[in-house]
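Q:
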Amino acid sequence: PDCDAGLLVKAAAASATGSLGALVSNPLDVVKVRLLADSTRYSSTIGAYPRLMIDEGMAGAFRGLVPNVLRGAFIAVGEVACYDHSKHVLRDFLELQEGFFLHACASLVTGVCATTVA
355 PDCDAGLLVK AAAASATGSL GALVSNPLDV VKVRLLADST RYSSTIGAYP
405 RLMIDEGMAG AFRGLVPNVL RGAFIAVGEV ACYDHSKHVL RDFLELQEGF
455 FLHACASLVT GVCATTVA
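In the working numbering, the protein residues as written are 355 to 472.
In structure tokens:
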């Protein structure tokens, strides 16, 4: 059976996954930003990670963690939860059938929502 978990549950799940993804990928983001700012700072992308850990330790690898985790959470809610909820609302209240038109409409709503929260 197709059941709708509700917007709050969807937002909480999306927030948790977005936050966890940002937490795990934060060291990658730190190196990416530094390489974009100054490509001569490290000998290579792969060489940047040990150099970062030697020079700055875990604190350097997780610099900017709080804003990154918040951004990840908001973007995930704006995309994942909004898409799923708008699809259910469009299907249940406007009686749109499962298919391309339903997904396209839900995607348009999601684009507006994700752009607004990002």
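Ideal Cβ placement from N, Cα and C applies to all residues, glycine included.
Specify the secondary structure class of Asp-392 as computed by DSSP and reduced to three states.
A: Taking the sequence shown and counting its residues from 1, one reaches residue 392 at position 38. Three-state result, Asp-392: coil.
Q: What does the Cβ neighbour count give for Ile-401, buried or exposed, with the cut at 16 atoms within 10 Å?
A: On the sequence shown, residue 401 is found 47 positions in, with the first residue counted as 1. Just to set this straight, residue 401 is Gly in the shown sequence, not Ile. By the 10 Å Cβ count, Gly-401 comes out exposed.
Q: Give me the Cα-Cα distance between Asn-380 and Ser-461, rounded to the nearest whole angstrom.
A: Looking up residue 380 in the sequence shown gives position 26. Looking up residue 461 in the sequence shown gives position 107. If you take the alpha carbons of Asn-380 and Ser-461, they lie about 28 angstroms apart.
Q: So is Gly-360 buried or exposed if we call it buried at 16+ other beta carbons inside 10 Å?
A: For this step, residue 360 is matched to residue 6 along the sequence shown. Per the 10 Å Cβ criterion, exposed.
Q: Alpha carbon to alpha carbon, how far is Leu-456 from Thr-371?
A: The residue given as residue 456 occupies position 102 in the sequence shown. The residue given as residue 371 occupies position 17 in the sequence shown. Going by the C-alpha atoms only, they are around 25 angstroms apart.
Q: Would you kindly check if the distance between the Cβ of Ala-468 and the Cβ of Ala-365 is under 8 angstroms?
A: Position 11 of the sequence shown, counted from the first residue, corresponds to residue 365. Position 114 of the sequence shown, counted from the first residue, corresponds to residue 468. Not a contact, by the Cβ cut-off of 8 angstroms.
Q: Closest to Cys-459 by CA distance: which of Glu-449, Ser-440 and Val-471 is it?
A: The residue you call residue 459 lines up with position 105 of the sequence shown. When each option's Cα is compared against that of Cys-459, the closest is Ser-440.
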